[in-house]
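This report refers to the structure that appears directly beneath it.
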Amino acid sequence: MKQGIGRGDLDTSPVQSLDGSFRKFISGFLQNGVDLSPAQSLDESFRKSHSAQLGYSPSGTASSGKFVPVSRRVYKVLKEYKKKLIDFEIFNQSLEDWIVENTSCHSADEEPNFPSPFPIDEIHEFDLALEGVLFQQLFRMPCSPFSDDLIEDEFLALEDFFHAIINGLWRTFWHKSRPLPFFVSCPRNLGSKFYTVEKAISRGKVGELQGLGLISRAGDELHARWDQVVQFALFKPSILSEDGLKLSARVVCEALFYGLHLLISRSLSKISTIRNYDSVFVLILDSKYGGVIKLGGDLSQLDINSANPYQSAVDWMRNYAEVCVSPVDRIWNKLGNANWRDLGTLQILLATFYSIIQWHGLPRHSITSVASDHGLRLQKRWMECRVSENENTVVPFEQSNGHAGEIVELEQMDIHVYKNQASRLKLRPGEILIVDDQRQGQKSFQVQGSLVGVINRCLYTAVSIDHPAELLTLYVGAHVSNLEQSWEDMSLWYQVQRQTKVLNILKSQGISSKYLPEIIASGRILHNGPCKKETPGGRCDHPWCGTPVLLTSPVGEQLSWIVARDGRFSSEEALRCCRDCLAALRSASLASVQHGDICPENIIRVSVHESRSSYSYIPISWGRAVLEDRDSPAVNLQFSSSHALQHGKLCPSSDAESLIYLLYFICGGSMEQQDSIESALQWRETSWAKRIIQQELGEVSALLKAFADYVDSLCGTPYTVDYEIWLKRLSKAVDGSSDRGKSVDEVDITSKLEDVAESSGISGAGA
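Right under this line is the structure:
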């Protein structure tokens, strides 16, 4: 009778929350891909994802946690099981028929049973993100079959290929200047030592190498262990099947064999930096082609007590594991150069990207944000093409005077205008802007530069000519052009026009707080020289005529930039961030305004020199704020509340829930990259059910843990947050007094929030 890991060896104890209710989590609670027991929140409401998956995003990392052998017996048995599972030939005999069955297609239109790890849309977006990235393989893959040192040259080229990959990805998405946290090394077989290619060549062992591992550095130590392998690449003489351009069943079996060993090694590892344990990417390469295998699953379903370890491994793969097999495609061309921008190499790059996330968390710059620069490059190219010919070039053009669809001849003056338009897409330091503010008249500002760490090119710092000592944030709206409306960036409309409306509403209702941005000026830019606009609200041909801008105070650093540069926050700073953000949300709620987009990019840290505290934290980017029921908040798969993701609307506690995810992030919590609302909801459901968020915050501060429990009790309910009691507790923890730190200066407002939700947690205790 098959016997898996006993329930008694797993953590099945119910977790008691602060109000005495219980959540119970048992590993493997998903049956047949359907969640039969959704996590119940403290107010008897339910969070239930619509996903019918095992918690895996199609292309990213799995969302379930590490299987940890909680008893010495299970740890020892699993370790012995791994030692027994060493003969690939036996494993291949047991699994190959199943692989052949699932990779074979009986007709041209039939799809194989194994899905691809990456949808084509994701690969396309990744391609756009890598548009400006230079990958350079210096050691070419040998293209002559008659070379005396063919295998040596192949491994040198393979090593350089992966060095170029990790260097390009790390510099583009994570850190431009920090040292690479990886190196590459090669094993002779499973369980063997790792060698550099040069050392293997010098010892005459290069012919025994099986592939190449991407290894996570452990301090200054360069000796690799199998539990440090971030990603493994098998390198074979040929990986193609005899009956077409697809991976052979044998190499797929070998990749799964290595993949299972990597999953077991990670479960047995004591390394704490791994963010995800239950999925792994294995690459399969020869000197021409390549593909990607993804293996994931819950190891608690693996029968490690079986007398036949190979059969139990095969049973686990067939019944419990997720196996994805990519199409095979060309990696190196006939000259030995990598096809960096083609499908095969992009699959390798994307698998490496997600493998890095498993070990080092989300990148500073997401694929979507980097890919968004494609539109700017395309717009610039569009404009360059319209002016690149000589001055009498005839091009299709729609003039602003209404001659739509006509073919007109560009005069020299028009050429000058559009060359200027193409070159003025970015403001330069020292440039003077005259803003026509309807409330204050014309005001002049000088651009100081772009904000540090901000991807948005339309966000700058500036100073008022009248008050040059105060640094301001300058938002520049959508660039005015004669292009089609599809070129206009709606995010800029939210940043400028909509945010101006929200801040003016707060100001008109007497809401004034040092934790809210202050509007200094807003309006449209007036340009130098004659203006040919026909109406007061119209625009002329000048590239900046009528461009909307918004200037606010103060200026600070985004939390996403701070975490990427300095790492997790201290207990004191996390508490201060929570207090300051909660104070801002409380102030806005007095005017019935909800932020709707709380995330690390929208919270800034500002230096405060006149007070004892060194920093304060201010929510910015109020353009997606919800003023009335018909308004829709921003959708952020990492930080939006569950209610916002499910219904596209905010509940009264949505901003507070997003604040909890923000605190979890800055305190070092693992925020997995999600690719759909389904996977995002599944992550939230699992994290709350297993109390992962509370446990992470509890290591930083008992008060933050209590606040997380309190917010959890409100999620999805009509009850509002009791700001007053939590601001009092947080202020006492931050400043040592319930009175100090509560310097939120609102003009007298008679309306007061009713206390409709009971607070939970500890009394005004410190961190």
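So the sequence shown is residues 2 to 768, counted in my numbering.
All C-beta atoms, glycine included, are put in the ideal place defined by N, C-alpha and C.
Taking 7 Å as the threshold (C-beta atoms), are residue j and residue i in contact?
i      : j      : result
ARG625 : TYR495 : yes
GLY245 : PHE233 : no
CYS716 : LEU664 : no
SER497 : LEU551 : The residue asked about is misnamed: residue 497 is Val in this sequence, not Ser. A contact, by the Cβ cut-off of 7 Å.
LEU347 : ILE124 : yes
SER702 : SER572 : yes
ALA479 : LEU493 : yes
GLN639 : ILE605 : no
SER266 : TRP227 : yes
SER327 : PRO118 : yes
SER588 : SER514 : yes
ILE435 : GLN443 : yes
LEU728 : LEU583 : yes
VAL448 : ALA470 : no
VAL722 : ALA657 : yes
ALA592 : LEU507 : yes
VAL607 : GLY669 : no
ASP437 : LEU527 : yes
CYS187 : LEU170 : no
ALA314 : GLY298 : no
VAL207 : GLU153 : yes
LEU157 : VAL198 : yes
ILE349 : ILE285 : no
GLU126 : ILE368 : yes
ALA339 : GLN137 : no
Around the C-beta of residue i, are 16 or more other C-beta atoms found within 10 angstroms, so that it is buried, or is it exposed?
i      : result
ASP598 : buried
GLU45  : Legend: pLDDT at GLU45 = 35, less than 50; position of this residue unreliable, value from coordinates given subsequently. Label assigned to GLU45: exposed.
SER203 : exposed
THR536 : exposed
GLY431 : exposed
LYS247 : buried
VAL609 : exposed
GLU160 : buried
HIS224 : exposed
MET318 : buried
THR501 : buried
THR353 : buried
VAL371 : buried
ASN603 : buried
ILE466 : exposed
LEU441 : Checking the sequence, you will find Gln at residue 441 rather than Leu. The residue is exposed, with fewer than 16 neighbouring Cβ atoms inside 10 Å.
ARG540 : buried
Could you spell out where the beta strand (DSSP E) holding residue i opens and where it closes?
i      : result
LEU296 : 290 to 297
VAL283 : 280 to 286
GLU658 : No beta strand (DSSP E) contains GLU658, which is instead part of the alpha helix (DSSP H) from 655 to 667.
PHE446 : 442 to 451
GLU519 : 519 to 527
ILE435 : 433 to 438
CYS187 : 183 to 188
TYR616 : 616 to 620
ILE265 : Looking at the DSSP string, ILE265 is not in any beta strand (DSSP E); the run it does join, the alpha helix (DSSP H), is 250 to 269.
ARG577 : Element bounds for ARG577: not the beta strand (DSSP E) but the alpha helix (DSSP H), 572 to 590.
LEU507 : Here LEU507 belongs to no beta strand (DSSP E); instead the alpha helix (DSSP H) covers 500 to 509.
ARG606 : 604 to 608
For the putative contact between residue i and residue j, defined by C-beta atoms under 8 Å, what is the C-beta separation to the nearest angstrom?
i      : j      : result
ASP676 : ILE619 : Wrong, their Cβ atoms sit about 31 Å apart, outside the cutoff.
LEU296 : LEU257 : 6 Å
VAL735 : LEU517 : At roughly 18 Å, the Cβ-Cβ gap does not stay under 8 Å, so VAL735 and LEU517 are not in contact.
LEU181 : ILE167 : 6 Å
ILE305 : VAL78  : 5 Å
Which stretch, first to last residue, makes up the alpha helix (DSSP H) that contains residue i?
i      : result
PRO310 : 310 to 320
ALA681 : 678 to 690
PRO329 : Inspection of the sequence shows that residue 329 is occupied by Val rather than by Pro. That residue, VAL329, is in no alpha helix (DSSP H); it is neither H nor E in DSSP.
GLY212 : GLY212 -> not in any alpha helix (DSSP H); beta strand (DSSP E) instead, spanning 212 to 217.
GLN232 : Run containing GLN232: none in the alpha helix (DSSP H); it sits in the beta strand (DSSP E), 230 to 236.
ALA201 : 198 to 203
SER170 : This sequence places Leu at residue 170; Ser is not what is there. Counting along the chain, the alpha helix (DSSP H) containing LEU170 begins and ends at 151 to 170.
ILE91  : 89 to 104
Practice problem: Examine the Cβ distances between the region 674 to 693 and the region 641 to 649 and report whether three or more of them are shorter than 8 Å. | Solution: Output reads yes: the region 641 to 649 touches the region 674 to 693.
Practice problem: Report yes or no: do the region 350 to 363 and the region 170 to 188 share at least 3 C-beta pairs separated by less than 8 Å? | Solution: Segments in contact, yes.
Quiz item: With contact counted as at least three CB pairs below 8 Å, one residue from each stretch, are the region 514 to 534 and the region 562 to 571 in contact?
Solution: Judged by Cβ distances under 8 Å, the region 514 to 534 makes no contact with the region 562 to 571, as fewer than three pairs qualify.
Quiz item: Using 8 Å as the threshold, is the region 282 to 289 in touch with the region 330 to 342, meaning 3 or more CB pairs across them?
Solution: The region 282 to 289 vs the region 330 to 342: in contact.
Quiz item: Taking contact to mean at least 3 C-beta pairs separated by less than 8 Å, is the region 90 to 97 in contact with the region 303 to 314?
Solution: Taking 8 Å as the limit for Cβ pairs, the verdict is that the region 303 to 314 does touch the region 90 to 97.
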